[in-house]
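Q:
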Amino acid sequence: MSEPTLPPVLTEIRDEFLELDEPIRLQLLLEFANELPAVPARYEGHPELTERVVECQSPVYIVIDIDNEGLVHMHATAPREAPTTRGFASILVQGISGLTVDEVLAIPDDFPRSIGLTRAVSPLRISGMTGMLLRAKRQVREKSGR
Amino acid sequence: MTTLLEIVPSTFDTIEVPSAEASAFIAARYARRDEAYVRLNMITSLNGAAAGGDGTSDSITSPVDRTLLRAIRDDADIVLVGAQTVRAEGYVLPATALLAVVTASGDLGGHRFVPRVADDGNGSGGDGSGSGSSSSASAKRAQARVLILCPEGSPAHRNGVQLADGITAEIIAIPAGPTADAQRGDTLPPAAIIEALAARGHRRVVCEGGPTLTAQFVAAGVIDEFCLTVAPTIEVGESALFAVSAGARPDTEVAGMLVDDAGFSYLRLRVRRAAPATPATT
Chain A
369 MSEPTLPPVL TEIRDEFLEL DEPIRLQLLL EFANELPAVP ARYEGHPELT ERVVECQSPV
429 YIVIDIDNEG LVHMHATAPR EAPTTRGFAS ILVQGISGLT VDEVLAIPDD FPRSIGLTRA
489 VSPLRISGMT GMLLRAKRQV REKSGR
Chain B
134 MTTLLEIVPS TFDTIEVPSA EASAFIAARY ARRDEAYVRL NMITSLNGAA AGGDGTSDSI
194 TSPVDRTLLR AIRDDADIVL VGAQTVRAEG YVLPATALLA VVTASGDLGG HRFVPRVADD
254 GNGSGGDGSG SGSSSSASAK RAQARVLILC PEGSPAHRNG VQLADGITAE IIAIPAGPTA
314 DAQRGDTLPP AAIIEALAAR GHRRVVCEGG PTLTAQFVAA GVIDEFCLTV APTIEVGESA
374 LFAVSAGARP DTEVAGMLVD DAGFSYLRLR VRRAAPATPA TT
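For the protein sequence lines, the chains are A and B, in the order given. In this text, residue positions in the first sequence follow my numbering: the first is 369, and each later residue adds one. In this text, residue positions in the second sequence follow my numbering: the first is 134, and each later residue adds one.
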């Protein structure tokens, strides 16, 4: 097992947040919420194929695919009424997709707490974000057989 | 417990008040990084009364409003207020910011200023706003002083102001402008007040009213941000929260809005300024 290391894309996203004043960080999170990609057609309307992130108050579902080359792809759905959670889902989807299994498993578990939102976002939302990351890593572990 | 919900920006995030998390949640929204600003912070009933039946804002405020007031004061160097409001509300000294009172008479009867114990721990603010100004938290605690802003030649200027033991009234006489009346503090030009404070290193100002002082500040166009709590009540009184004359209407946009389950709303209106010559970097 490698040391916890934040992959470049997530590092870039974290630094982007930390450079901003707190009220503006929320705006950036909302921008990410607007950029959450749609899930592939095969998952649409099939919640049974995906995993509910029960730590989130609103219905958030994630699914991990690992392609033939061993690269990870994450998909997520989150309602527009929960933009902070949706924003974090979008960060993970953008930050994880295309990484190797080892790279994903090396993401520090406290990443959601490291992007400067712990004061501006309620503890419940932060817990939801952490739940999302841990469940994504667990799926990667299971689906890659690690 | 009160549940607070954020509407603008539309995070729809919720938090329980009072709690340490809620204080941080509110402080994160009300923090300003700019070195100089003038904020207004007031509460109003639906029909524009700034006070309830007891003549103070205590009876129309809320737990969230008190948390927010604290956050706004903690962010500032100066809490600026008119003497009438000090008398009517029975003002107490802010925790970290200095209090500055605009008055001509020097009559602050009814205030509840209590000198602070000098050794009540280190200032927890620690926001690095010291930067050479005389307004660090420790200095404020040790001196326990109140700034008195008064027109030159006014009774307050000539006779000084007596406060409680252990509290110094520092008199700052401001040259009367063309329309100023030495008998009336509320005729001092707001720009001259801001300038006098800035000259002493106090550039982060929150004005807490009352209506007359606020109207003067609005008319002078010196306010950068309006923080207004709207209480879901209808109170006795005829006066508007503050008067705005034709031609002095501030052009504002909603920078923030929180609501709570007791029906209060908490608005932050940012004043739109004419675009500066150099565009912002973001």
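Yeah, the Cβ is synthetic: ideal placement off N, Cα and C, and Gly gets one too. Values in this document were obtained by computation on a predicted structure and should not be read as measured data.
Is GLU419 of chain A closer than 7 Å to ILE430 of chain A when the C-beta atoms are compared?
A: Residue 430 of chain A sits at position 62 when you count from the first residue of the first sequence. Residue 419 of chain A sits at position 51 when you count from the first residue of the first sequence. Result yes, Cβ atoms of ILE430 of chain A and GLU419 of chain A sit closer than 7 Å.
Q: Using a beta-carbon distance below 7 Å, is ASP146 of chain B in contact with chain A?
A: Indexing the second sequence from 1 puts residue 146 of chain B at position 13. By this cut-off, ASP146 of chain B is an interface position.
Q: Give the straight-line distance between the Cα atoms of GLY239 of chain B and PRO288 of chain B, rounded to the nearest whole angstrom.
A: Here the question's residue 239 of chain B lines up with position 106 in the second sequence. Here the question's residue 288 of chain B lines up with position 155 in the second sequence. Computed Cα separation, rounded: 7 Å.
Q: Quick check on the DSSP output: what are the complete beta strand (DSSP E) runs of length 3 or more inside the segment 310-370 of chain B, in order along the chain?
A: Counting whole runs of 3 or more residues, the segment 310-370 of chain B contains the beta strand (DSSP E) stretches 337-340, 358-363.
Q: Just verifying my parser: in three-state terms, what is the DSSP assignment at ASP210 of chain B?
A: Working through the second sequence from its first residue, we reach residue 210 of chain B at position 77. If DSSP states are grouped into helix, strand and coil, ASP210 of chain B belongs with coil.
Q: So, under 8 Å CB-CB, ARG403 of chain B and GLU358 of chain B are touching, yes? Tell me the CB distance rounded to an integer number of Å.
A: One-based indexing of the second sequence puts residue 403 of chain B at position 270. One-based indexing of the second sequence puts residue 358 of chain B at position 225. Going by Cβ atoms, the distance from ARG403 of chain B to GLU358 of chain B rounds to 5 Å, so yes, they are a contact pair.
Q: In chain A, what lies closer than 7 Å to PHE359 of chain B by C-beta?
A: For this step, residue 359 of chain B is matched to residue 226 along the second sequence. Going along chain A, no residue has its Cβ under 7 Å from PHE359 of chain B, so there is no contact; the nearest lies around 16 Å.
Q: Which partner residues does ASN174 of chain B have in the DSSP bridge list?
A: As a first step, residue 174 of chain B must be located in the second sequence, where it is residue number 41. Per DSSP, B:CYS360.
Q: So does the segment 383-401 of chain B actually touch the segment 206-223 of chain B, counting three or more Cβ pairs closer than 8 Å?
A: Not touching, per the Cβ criterion.
Q: May I ask you to check if the CB of SER143 of chain B is nearer than 6 Å to at least one heavy atom of the ligand ATP?
A: As far as ligands go, the structure on display features none, and thus does not contain the ligand ATP.
Q: Going by the DSSP bridge assignment, what does MET390 of chain B pair with across the sheet?
A: Indexing the second sequence from 1 puts residue 390 of chain B at position 257. In DSSP, MET390 of chain B forms a bridge with B:VAL141, B:LEU400.
Q: Kindly indicate if chain A contains any beta-carbon less than 7 Å away from that of ALA309 of chain B.
A: By 1-based counting over the second sequence, the position of residue 309 of chain B is 176. It does not: the Cβ of ALA309 of chain B has no partner Cβ on chain A nearer than 7 Å.
Q: Rounded to a whole number of angstroms, what is the C-alpha to C-alpha distance between ARG448 of chain A and ALA401 of chain A?
A: For this step, residue 448 of chain A is matched to residue 80 along the first sequence. For this step, residue 401 of chain A is matched to residue 33 along the first sequence. Their Cα atoms are separated by approximately 8 Å.
Q: Counting only beta-carbon atoms, is PRO447 of chain A nearer than 7 Å to chain B?
A: Stepping through the first sequence from its first residue, residue 447 of chain A is reached at position 79. It does not; no Cβ of chain B falls within 7 Å.
Q: CB-CB under 7 Å to LEU374 of chain B, same chain, minus the five flanking residues each way: which ones, in chain order?
A: Stepping through the second sequence from its first residue, residue 374 of chain B is reached at position 241. The answer, listed in chain order, is MET175, THR177, GLY181, ALA183, PRO344.
Q: Per DSSP, what kind of secondary structure is GLY256 of chain B in: helix, strand or coil?
A: What you label residue 256 of chain B is simply residue 123 of the second sequence in a count that begins at 1. Any reading at GLY256 of chain B must be qualified, since the residue scores a pLDDT of 42, below 50, and its modelled position is unreliable; no value is offered.
Q: Mind listing the chain B neighbours of THR452 of chain A? Cutoff is C-beta to C-beta under 7 Å, in chain order.
A: Numbered from its first residue, the first sequence carries residue 452 of chain A at position 84. Ordered by position in chain B, the residues that pass the 7 Å Cβ test against THR452 of chain A are THR144, ASP146.
Q: Hey, which unbroken runs of the alpha helix (DSSP H) at 4 residues or more fall wholly within the segment 430-495 of chain A?
A: Entirely contained in the segment 430-495 of chain A, the alpha helix (DSSP H) runs reaching 4 residues are, in chain order, 451-464, 469-473.
Q: Going by alpha carbons, who is nearest to ALA504 of chain A out of A:ILE483, A:ARG481, A:PRO476?
A: Start at 1 with the first residue of the first sequence, and residue 504 of chain A comes out as number 136. It is A:PRO476.
Q: Suppose the cutoff is 6 Å on Cβ atoms and the five residues either side in sequence are ignored; what does the same chain contact list for VAL517 of chain A look like?
A: It is not possible to answer for residue 517 of chain A, since the shown part of chain A is limited to 369 through 514.
Q: Count the other C-beta atoms from every protein chain shown that fall within 10 angstroms of the C-beta of ARG166 of chain B, then say buried if there are 16 or more, exposed otherwise.
A: Locating residue 166 of chain B in the second sequence gives position 33, where the first residue counts as 1. That one is exposed.
Q: Taking the alpha-carbon positions, what's the PRO491 of chain A to GLU403 of chain A distance?
A: Position 123 of the first sequence, counted from the start, is the residue given in the question as residue 491 of chain A. Position 35 of the first sequence, counted from the start, is the residue given in the question as residue 403 of chain A. Between PRO491 of chain A and GLU403 of chain A, the C-alpha separation is close to 24 Å.
Q: Going by other Cβ atoms of all chains shown within 10 Å of its Cβ, with 16 needed for buried, is THR229 of chain B buried or exposed?
A: If you number the second sequence from 1, residue 229 of chain B lands on position 96. Flag for THR229 of chain B reads buried.
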